[in-house]
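Notes for the one structure printed next.
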Amino acid sequence: MRKVYFDHNATTPVHPEAVKAARPFLGELFGNPSSIHFAGRDVRKAVEDAREAVAVFFGCHPLEVVFTSSGTESGNLAIKGVAYQPGNEGKHIVTSQVEHPAVMNTCRFLEKRGYRVSYVPVNRQGIVEPEAVRKAIEPDTMLVSVMAANNETGCLMPIAEIGEIARKAGVLMHTDAVQATGKIPLDWNTLPVDLLTFSGHKVNALKGAGGLILRKSIKISPVIHGGHQEMGLRGGTENIVGIVAMGAAFSLLKENMEQEIAEVRRLRDALERGIFERIPEVTLNGHPLLRLPNTLNVSFRYIEGEALLLNLDMLGIACSSGSACTSGSLEASPVLLNMGVDPTDAQGALRFSLGRGNSDEDVSYAIDALETVAEKLRAISPLYQPRKVGMK
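Numbering (the working numbering), first residue to last: 41 to 432.
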């Protein structure tokens with residue numbers, strides 16, 4: 041049976057070069073990077089080389105890169121780090137209704153501790169409108185946090201426009217760029233953003249390493265207290281293996297991103313075209329153009345998404361019904377519901393996210409499988425049967 045992995049927004053296969061770069065740090069290069077002797081110096085150099093690779097990719101200064109354990113920790117550090125600064129107690133935050141749980145639940149946590157949060161809606165195509173952010177900003181707003189791209193729909197948010205609005209209002213701007221990194225250009229020199237979060241395992245590196253880019257002029261408070269590591273912003277001995285692998289992955293991305301984007305877009309478009317040509321009653325969730333080149337979110341009407349997932353899994357196809365971080369829930373995606381998608385249609389939504397290693401053969405196999413599975417499930421669907429015999 042063919043194995044097709046269309047869930048790259050959940051995590052990506054580790055690049056062989058990232059594995060190769062990390063392997064020595066599982067053996068002979070075991071030192072603590074904070075040690076001043078030879079064993080520590082070799083490891084410290086590897087960490088700083090990785091920091092340099094990340095900085096080159098984003099176009100920032102190496103000292104603006106803070107390594108963490110994940111995109112989620114990075115988001116916590118960015119948002120709580122601003123909130124916990126002296127003088128910001130109880131102040132106002134603006135975010136969107138479709139943020140990843142890493143941002144959404146951090147904001148809810150702060151709400152319970154006296155901070156105020158405005159959750160800006162999205163339009164029918166899943167995009168935050170800059171004017172809505174402008175109207176939400178209040179005199180004591182300290183932070184605007186809007187993702188660069190949505191992890192479920194792939195919708196691209198107008199971060200440049202929102203960042204300019206925040207900047208003119210004297211408000212800090214954070215963007216969760218975990219899904220956008222490596223899929224669209226992100227230039228730190230031109231983006232009006234003060235804090236940006238990313239994750240290694242979304243760019244063909246290892247799980248357990250991520251980071252925050254922080255402008256040198258911005259002061260934030262640490263969330264994890266301990267030693268002096270990461271400029272005093274993240275205590276604890278660094279995950280050397282994850283950081284080194286991430287540095288290698290970013291170096292590869294810097295060289296190959298343009299070609300990889302073009303190829304994955306071609307495959308995604310072929311998958312989308314095939315689905316809409318061969319399967320009836322399918323609707324696109326999200327903007328037809330302003331979305332990540334690898335992401336396709338569609339609703340198969342009159343079918344439960346979980347049933348689709350299970351049947352596709354039995355045929356060797358991996359995809360998702362939403363964010364991997366909310367997959368334990370049986371409820372319809374809050375992202376889709378906040379976009380105004382009909383709740384029944386939202387229950388039948390699948391996300392296909394393509395990436396490195398996918399092929400034309402994968403796309404053809406998936407389209408054939410989807411057509412077969414959709415027909416089988418609709419044949420037993422009480423919602424679909426009346427439509428088949430022409431009843432209203």
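Where is the CB? At the ideal position from N, CA and C, for every residue including glycine.
Values in this document were obtained by computation on a predicted structure and should not be read as measured data.
- Between L352 and C359 a beta carbon distance of about 6 Å is seen, short of the 8 Å cut, so the two are scored as contacting.
- The beta-carbon separation of S339 and V381, rounded to 7 Å, stays under the 8 Å limit for a contact.
- Taken in chain order, the unbroken stretches of beta strand (DSSP E) that lie wholly in the segment 376-402 and span 3 residues or more are 389-393.
- Spanning the alpha carbons of N191 and H140 requires a straight line of approximately 7 Å.
- Comparing alpha-carbon positions, the option among P198, M182 and K85 lying closest to A172 turns out to be P198.
- In the three-state DSSP reduction, M213 falls in the strand class (E or B).
- The straight-line gap separating the alpha-carbon atoms of L307 and N334 is approximately 8 Å.
- The Cβ atoms of Y405 and R42 sit closer than 8 Å to each other.
- The Cβ atoms of S261 and Q125 lie closer than 8 Å to each other.
- For F340, the enclosing beta strand (DSSP E) stretches over residues T335 to F340.
- Between the alpha carbons of I202 and K175 lies a distance of about 11 Å.
- Three or more Cβ pairs drawn from the segment 281-288 and the segment 57-64 lie within less than 8 Å of each other, which places the two stretches in contact.
- S393 counts as buried, since at least 16 other C-beta atoms from the protein chains shown sit within 10 angstroms of its C-beta.
- Counting other Cβ atoms within 10 Å of its Cβ, N128 reaches 16 or more and is therefore classed as buried.
- By the Cβ criterion, the segment 141-152 is not in contact with the segment 283-294, since fewer than three pairs of Cβ atoms, one from each stretch, lie closer than 8 Å.
- Judged by DSSP secondary structure, F107 falls within the beta strand (DSSP E) whose first and last residues are V105 to T108.
- Residue range H132 to S136 is occupied by the beta strand (DSSP E) that includes I133, with no alpha helix (DSSP H) assigned at that position.
- Within the same chain, G115, N116, I119 and K120 come within 7 Å of T146 by CB-CB distance, once the 5 residues on both sides are set aside.
- Every alpha helix (DSSP H) of 4 residues or more that sits fully in the segment 257-344 is shown, in chain order, as 280-318.
- Sequence-distant Cβ neighbours of L377 in its own chain, meaning closer than 7 Å and more than five residues away, are P383 and A386.
- With respect to V87, G251 sits apart: the two C-beta atoms are not nearer than 8 Å.
- DSSP places V184 inside the beta strand (DSSP E), whose first and last residues are T181 to S185.
- F238 is bridged by DSSP to G251.
- The alpha-carbon of S109 is positioned some 46 Å away from that of A419.
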